[in-house]
Amino acid sequence: MLLLSLLSFFLVPACWAISRETAYSDFIDAAASNGGVIDLTTQTFDLLTASDREWSATIQLTALGNTYKCAPCKQFEPSFKTVAKAWSKVAPKHRDNHFFATLDFANGPEVFRRLGLNSAPFVYTYPAAQGDRVPANGKVDPIPFDFTVSEFDPKSFSEGISRFTPVKIPYKPPTDFKPIVSAIVAILTLSLGYRVALPLLLNRWFWAILSIGSSLIFISGFMFVRIRGNPYVAAGSGGAQWIAPGYQNQFGMEVQVVAFIYGILTFSFLSMTLFVPRLPSKGRQTLAVGIWSGVTVIVFSVLIGFFKLKNGGYPFRLLF
Amino acid sequence: MPDAIPLPRVAPETVANTTSLLRIIALSLISGAAIASRLFAVINFESIIHEFDPWFNYRATRVLAAKGFYEFWNWFDPTAWYPLGRVVGGTIYPGLMATSGVIYNILHGLNLPVDIRNVCVLLAPGFSALTAWATYMFTKELKDASAGLIAASFIGIAPGYISRSVAGSYDNEAIAIFLLMFTFFTWIKALKLGSAFFGTIAAVFYFYMVAAWGGYVFITNMIPLHALVLLLMGRYTNRLYVAYSSWYAVGTLSSMQVPFVGFQPVRTSEHMAALGVFGLLQLVAFSDLVRSHVGSKQFRTLLRVALVASGILGGAVIVLLTLKGWIAPWTGRFYSLWDTEYAKKYIPIIASVSEHQPTAWPSFFMDLHVLITIFPAGVILCFKELRDEHVFVIIYAVMASYFAGVMVRLMLTLTPVVCVAAAIATSTLFDTYLDVHEPEDPSAENSVPVVTVSGESHVGGTNVTVTTPAPAPTPSKKAKKAQAQAAAPASSIASTIAEATGTAGVTTRQDRGVFGLGSRLVVVALWVYMLLFFVVHSTWVTSNAYSSPSVVLSSRNPDGSQHIIDDFREAYYWLRQNTPEDAVVMSWWDYGYQIAGMADRPTMVDNNTWNNTHIATVGKAMASSEEVAYPILRKHDVSYVLVIFGSLIGYSGDDINKFLWMIRIAQGIWPDEVSEPSFFTPRGEYKVDEQASPAMKNSVMYKTSYYRFAELYGGNQPQDRVRNQNLPMKGPTLDYLEEAFTSENWIVRIYAVKGDDELGRDLKVANSFNEGKKRKRGRPLVRRRAVAAV
Numbered sequence: 001m002l003l004l005s006l007l008s009f010f011l012v013p014a015c016w017a018i019s020r021e022t023a024y025s026d027f028i029d030a031a032a033s034n035g036g037v038i039d040l041t042t043q044t045f046d047l048l049t050a051s052d053r054e055w056s057a058t059i060q061l062t063a064l065g066n067t068y069k070c071a072p073c074k075q076f077e078p079s080f081k082t083v084a085k086a087w088s089k090v091a092p093k094h095r096d097n098h099f100f101a102t103l104d105f106a107n108g109p110e111v112f113r114r115l116g117l118n119s120a121p122f123v124y125t126y127p128a129a130q131g132d133r134v135p136a137n138g139k140v141d142p143i144p145f146d147f148t149v150s151e152f153d154p155k156s157f158s159e160g161i162s163r164f165t166p167v168k169i170p171y172k173p174p175t176d177f178k179p180i181v182s183a184i185v186a187i188l189t190l191s192l193g194y195r196v197a198l199p200l201l202l203n204r205w206f207w208a209i210l211s212i213g214s215s216l217i218f219i220s221g222f223m224f225v226r227i228r229g230n231p232y233v234a235a236g237s238g239g240a241q242w243i244a245p246g247y248q249n250q251f252g253m254e255v256q257v258v259a260f261i262y263g264i265l266t267f268s269f270l271s272m273t274l275f276v277p278r279l280p281s282k283g284r285q286t287l288a289v290g291i292w293s294g295v296t297v298i299v300f301s302v303l304i305g306f307f308k309l310k311n312g313g314y315p316f317r318l319l320f
Numbered sequence: 001m002p003d004a005i006p007l008p009r010v011a012p013e014t015v016a017n018t019t020s021l022l023r024i025i026a027l028s029l030i031s032g033a034a035i036a037s038r039l040f041a042v043i044n045f046e047s048i049i050h051e052f053d054p055w056f057n058y059r060a061t062r063v064l065a066a067k068g069f070y071e072f073w074n075w076f077d078p079t080a081w082y083p084l085g086r087v088v089g090g091t092i093y094p095g096l097m098a099t100s101g102v103i104y105n106i107l108h109g110l111n112l113p114v115d116i117r118n119v120c121v122l123l124a125p126g127f128s129a130l131t132a133w134a135t136y137m138f139t140k141e142l143k144d145a146s147a148g149l150i151a152a153s154f155i156g157i158a159p160g161y162i163s164r165s166v167a168g169s170y171d172n173e174a175i176a177i178f179l180l181m182f183t184f185f186t187w188i189k190a191l192k193l194g195s196a197f198f199g200t201i202a203a204v205f206y207f208y209m210v211a212a213w214g215g216y217v218f219i220t221n222m223i224p225l226h227a228l229v230l231l232l233m234g235r236y237t238n239r240l241y242v243a244y245s246s247w248y249a250v251g252t253l254s255s256m257q258v259p260f261v262g263f264q265p266v267r268t269s270e271h272m273a274a275l276g277v278f279g280l281l282q283l284v285a286f287s288d289l290v291r292s293h294v295g296s297k298q299f300r301t302l303l304r305v306a307l308v309a310s311g312i313l314g315g316a317v318i319v320l321l322t323l324k325g326w327i328a329p330w331t332g333r334f335y336s337l338w339d340t341e342y343a344k345k346y347i348p349i350i351a352s353v354s355e356h357q358p359t360a361w362p363s364f365f366m367d368l369h370v371l372i373t374i375f376p377a378g379v380i381l382c383f384k385e386l387r388d389e390h391v392f393v394i395i396y397a398v399m400a401s402y403f404a405g406v407m408v409r410l411m412l413t414l415t416p417v418v419c420v421a422a423a424i425a426t427s428t429l430f431d432t433y434l435d436v437h438e439p440e441d442p443s444a445e446n447s448v449p450v451v452t453v454s455g456e457s458h459v460g461g462t463n464v465t466v467t468t469p470a471p472a473p474t475p476s477k478k479a480k481k482a483q484a485q486a487a488a489p490a491s492s493i494a495s496t497i498a499e500a501t502g503t504a505g506v507t508t509r510q511d512r513g514v515f516g517l518g519s520r521l522v523v524v525a526l527w528v529y530m531l532l533f534f535v536v537h538s539t540w541v542t543s544n545a546y547s548s549p550s551v552v553l554s555s556r557n558p559d560g561s562q563h564i565i566d567d568f569r570e571a572y573y574w575l576r577q578n579t580p581e582d583a584v585v586m587s588w589w590d591y592g593y594q595i596a597g598m599a600d601r602p603t604m605v606d607n608n609t610w611n612n613t614h615i616a617t618v619g620k621a622m623a624s625s626e627e628v629a630y631p632i633l634r635k636h637d638v639s640y641v642l643v644i645f646g647s648l649i650g651y652s653g654d655d656i657n658k659f660l661w662m663i664r665i666a667q668g669i670w671p672d673e674v675s676e677p678s679f680f681t682p683r684g685e686y687k688v689d690e691q692a693s694p695a696m697k698n699s700v701m702y703k704t705s706y707y708r709f710a711e712l713y714g715g716n717q718p719q720d721r722v723r724n725q726n727l728p729m730k731g732p733t734l735d736y737l738e739e740a741f742t743s744e745n746w747i748v749r750i751y752a753v754k755g756d757d758e759l760g761r762d763l764k765v766a767n768s769f770n771e772g773k774k775r776k777r778g779r780p781l782v783r784r785r786a787v788a789a790v
C-alpha cells in the first residue's frame, strides 16, 4: 500500500511531464495539419486547458451538427477558421505559443456541462498559466470573447483575440472587389449606353424620382432598421409578426408599408394639385376629385390607425 | 372665361394695402401661437430650466450676467471634471449665453428688473417667433408670400421643432434654428441677386450660427453642395460666384474668431467641401472670363485641360494633406453619421446618448404628422419649377431626411424643410382650388394642348391666397361670401396683367382650371380639415410629450389630479445645504450639469463628455466591487456617490438601465478588469433578481441602488417595477459607503464615502467585527433617519 502510493507519488509527475511534452507537440502537429485549428475531444480539451499549460489557447465551443440547428454557429465557423489560418502563417516561435481549437458539442458534451453552457457558439481564451507568458495581472481564468460588442466578422474577431496572442494576428480582410467591379461596370454601362443614359441623367424627373424615393425610404425608418439590424418580420404568436411592438421600434416590413402609404398620400395630393385641373370636363374632374379625396381620407385614416398601434396613448382617429 | 363665383371689382391699390395688412396680422398671430404653445411647460410646472445641458448653459449665463463678458471668456471652472477642471470659455459655443446676456442687459438698461432665469427660460419661445418669420422670408423666395405664411404657421407649431424649444429648454438649438433658416434665406437672396451685400449678411449670420451651435457644419456643407450641384447642372453665373465667394471668405474668417472653432475651418475634413468648392468656383470663373475674351478654339481646349488638371491637382493636394495628417479626418460625431457602425464600436459614449439613436418611423409621424405626407409633393413641385433656389430645397430635403433617420436629434434640421416643402404644396393646392376662374367649356372647342405653364396663372393664383389666409370655408353662405370677396381682387389683377401682356394670358388660361364650386369646396374643406387636425395633433403632442422639464416629473393621482414628483431638486438641495462646499460628488455623467447647477458641488464628470478616460473611471467605480471601487473613490477625493434609482415608482430612466453603458465604456479602457458578459446571467440575460450574476450583485451600482430596498416591503417579496423582476429577500450590504440621503420616492440616493477607520482597520473587517458585536446587543438605530431629519 505504502509502496503503491510512493510509486504513484513518483510516477505521476513523470507521467504529467511526458504527457504534457507529447501533448504539446501533438497540438502543434494537429494545428499544422488542419489549417491552424485543432479539433478537440473532452480528453484533448482537458490537456489543452491543463492548469500547468505554458501556452495560451483560443477555443471555439460550437455545435455544428445538423441536429442542433445552430445558425449562429455556422455563421461564425468560417470567421474562426479564417483567423486561425491567418495565425498559422506566423513564425513558429510565436505561433506555437498560442493555439486555435474547436470543440463540437457532439465530441464533448461533458465540457459544455462543466462550463454550464446552454447555448453556442462561445469562444474562450485560456491564457498561459505557467512560464513567461502568464498575464501581468496573474489571472489565468478563461476569458470569453464578447459577441455583443463585436460581430461575427473575422476582422473584429481577430482584433479581439489579438489582445491575447504573442503577436498580432496577421489577418487582412480580402480585397473587396464589389465596389471596384461595380464602379467599372457603371462606367462601362455609362460610356456604352451614353446615348440612353445622357437624356436620363439630364431629365429632371429621373432625379425627382430618385430624391423622392430616397426621402420616402429615409422618413419611413430605413436607417433605423439598418443600424439596429432589425429583421424584416419576426416570429410571433400565430405566425409572422410584421409590426414591432413599441413606439421606438420597427421591423423591415414597416419601412415598406409606411413608405408606400406616404407615397399614396403624396400621389393623391399631386393628382389633386396638378392633374385634376388638366382634365378637360367637369364630370371627369368631379369624379377625380371624389376619388382622390376619398383615397386621401381612407389612407390617412389607415395611417393614423397604424400609428395608434405603435403609440397606444394616441387619442385621435379619423375614420376608424 | 367664366368665373365660378361673380366677383366684385376692387381697386388694385386697395388689394395691395389689404394684403400687406393681413400679412402683418397673420405673421403676428403666428408668432403669438408659436410662443404660446411653448408655454405649456411653464403653465403645467413652473418657470424652470429643463433637462441636463440647459443647466450648464444657465450656470454659464449667470456667470456672464454677474461678472461680465471678459470674466466669462476667461472662466476656468475648477469644480467640473474634478480634479482636472475645465476651461469653459474655450470649450463652449458662447452664442446662446451672449444672446441672453445682451437681452438681459438691454432689459436692465430699460429699468426692467427681469431675473436672468426668466430670460433664459423664455429665450427659446421668443426665438421660435423669429424662426417663423425667417421661414416666411425663406419660403417667400421660393414661391410667394402666401406659401411663406403657411410655412411660418407650420414651423410655429410643428412638434419636431417644439420638442427642442419649449420654455425652459435653454439649449443651443433654441436660437440655432432661427439662425439656420435666416442664413439660408440670405444665401438664397444673395444667389438670386448676385449681391455681395446679402452674401456678407449670410456670412455674418453664419458666424452667429458658428458661435451658437455645433450643427453649423450642416450649413458649411449645404451651401457648397448647392453651389456644386448648380455647377454640375451648368448653371454657373456670376451671381453664384459673387454670392458664394463673399459668403465663404467673410464667413470662414469670422467663424475662426470663435475660440472653440479656431483653425478647424482650414484643418478638418468637415470644412474641406466648402474650401474645395471655393477653389473650383475660382477656376470656373477664370475660365469663364477667359472664354469671353479669347476666341481661339485651341486655346480654349488648352484652357479647359489646364483647369481640369488643376482641379484634380487641388483635390489630390487635399487628399495628400489628409493622409499626412495636416487635415484632421472627420471627427467621430460627424463620421458616425456616415459610417453608422463606427460609433457603436469605437466611441460608445456617442452611441450611448439617447438622442443619438436612429429614428423609427413613428417618431417622424409624431413630430410632423400630415406634413410628412405632403412634403414629398412639395419637393416634386420644386422639381417642376427648378429655379436655383428650388435646387437648394431639394438637396436640403434629401440630406436632412437621411440625417434625421440616422439620429433622432437631427429631426430638428429636417423640420424646417418639411414645413417649407409642405407649405409650397399646400399653397399650390389652395392656389388651384381657390382660383375663381373656370376653364372654357370643353365641348365648345377641341383645345390645342399648350405645354408651357403660364406665368400669369401663377400671379393670379398668388393673389388669391394672399388675401385668404387659409379660411375655413364651411358651406355656409357667409363663408362663401367671404371667400368670394377675398378672391375678388385676384380676378381684377389677373385681368389687368392679361390686358397688359396682350392675349397670351387668355389663351393659356383656358385649358387649366377647376370646374364648378363642388370640387373646390370638397378639396378645400378636406385640406383645411387636415390642417386643423395637424393643429390639434401638435397641441396634444406639445402638451403631453414635449413639455416635461424632466427635472420635475409628474404623474396622475387615482382621482386624475396631477401629482408632482420633485425628487431631483429635493436631493440636490439636500446636497447644497448639508455638505461642505468642496465635497466632490460622483455620479454618472448625465447628472453632472444638474449637480453643478442645482447643488453647486464639484463633480467628477458631466455632460460635456470630453474626457472618455475620466468617464470610464466613474464607470469602473460603479461596475466594480466595493473593495476595488473604494481606492478609486478616495484617490479622487469623492465624498458622495449619487445614484438614480427608479424601481420604487417605475422611473425607467434610472442608472441600472444605463448601467450597461457604464460597463461598456469602462471596458473600453480596462478590458481586463471590467467585462460586460460577466454582468449577464449564464443564459445571457440582464437580471437584477436572485439569478443576477455575482459581478452584478457585487457592483457598487447594484448595491447602492438596492441597499435597504427590501426593508420597504416588510418581509414581502420586494419587486423592481422598472424591470419587472422580483428582488432577493435579503438586500445587499455596504462596507465602504454609507447611506446619507434618499429622496421621497427613492429616485435619488446619495451615499457618503466612509473615511478611514479609527483603528486603521480595513473597513470591511471593522464592519464584520461590529456585526459580530451587533448580534449580541441588537440592532443599533439606523443612521439614515438622523441624517435625513437635518
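Protein sequence lines correspond, in order, to chains A and B.
Residue numbering for the first sequence follows full-length UniProt numbering, beginning at 1 and increasing consecutively.
Residue numbering for the second sequence follows full-length UniProt numbering, beginning at 1 and increasing consecutively.
Note that beta-carbon positions come from the ideal geometry of N, C-alpha and C, so glycine has one too.
What are the boundary residues of the beta strand (DSSP E) that includes residue i?
{"i": "Phe100/A", "result": "His98 to Asp104"}
{"i": "Val641/B", "result": "Val638 to Ile644"}
Closer than 7 Å by C-beta to residue i: which residues in its own chain qualify, once you throw out the five before and the five after it? Chain order, please.
{"i": "Leu309/A", "result": "Ile243"}
{"i": "Phe320/A", "result": "Ser301 and Gly305"}
{"i": "Gly650/B", "result": "Arg721 and Val722"}
{"i": "Val748/B", "result": "Asp567, Phe568, Ala571, Leu642 and Ile644"}
Along the alpha helix (DSSP H) that carries residue i, what are the first and last residues, could you check?
{"i": "Arg163/A", "result": "Per DSSP, Arg163/A belongs to no alpha helix (DSSP H) and is neither H nor E."}
{"i": "Met288/B", "result": "According to the sequence shown, residue 288/B is Asp rather than Met. Its alpha helix (DSSP H) spans residues Met272 to His293."}
{"i": "Met137/B", "result": "Ile116 to Leu142"}
{"i": "Ala211/B", "result": "Ala196 to Ala212"}
{"i": "Phe392/B", "result": "Asp388 to Val406"}
Can you have a look at residue i and say buried or exposed, based on whether 16 or more other CB atoms are within 10 angstroms of its CB?
{"i": "Asp655/B", "result": "buried"}
{"i": "Gly116/A", "result": "exposed"}
{"i": "Met272/A", "result": "buried"}
{"i": "Thr43/A", "result": "With the sequence shown as reference, residue 43/A is identified as Gln, and Thr is not the correct amino acid for it. With fewer than 16 Cβ atoms within 10 Å of its Cβ, Gln43/A is classed as exposed."}
In whole angstroms, what separates the C-alpha of residue i from that of residue j?
{"i": "Val379/B", "j": "Ser31/B", "result": "26 Å"}
{"i": "Ser310/B", "j": "Gly199/B", "result": "27 Å"}
{"i": "Thr613/B", "j": "Ile669/B", "result": "7 Å"}
{"i": "Gly755/B", "j": "Ala740/B", "result": "14 Å"}
{"i": "residue 321/A", "j": "Arg235/B", "result": "Coverage of chain A is limited to positions 1 through 320, which leaves residue 321/A absent and any answer about it impossible."}
{"i": "Ser693/B", "j": "Ser678/B", "result": "7 Å"}
{"i": "Trp87/A", "j": "Pro78/A", "result": "14 Å"}
{"i": "Met530/B", "j": "Ala80/B", "result": "50 Å"}
{"i": "Glu581/B", "j": "Gly597/B", "result": "13 Å"}
Starting from the C-beta of residue i, find all residues in its chain whose C-beta is less than 6 Å away, skip the five residues before and the five after it, and write them out in chain order.
{"i": "Glu389/B", "result": "Glu141, Leu142 and Ile188"}
Would you say residue i and residue j are within 8 Å of each other, going by their C-beta atoms?
{"i": "Ala124/B", "j": "Ser169/B", "result": "yes"}
{"i": "Asp637/B", "j": "Tyr82/B", "result": "yes"}
{"i": "Thr102/A", "j": "Gln60/A", "result": "yes"}
Near residue i, which residues of its chain fall below 8 Å by C-beta distance, leaving aside the five closest residues on each side in sequence?
{"i": "Pro173/A", "result": "Pro154 and Lys155"}
Any heavy atom of the ligand HEM inside 7 Å of the beta-carbon of residue i?
{"i": "Ala259/A", "result": "Questions concerning the ligand HEM fall outside what the structure shown contains, since it holds no ligand whatsoever."}
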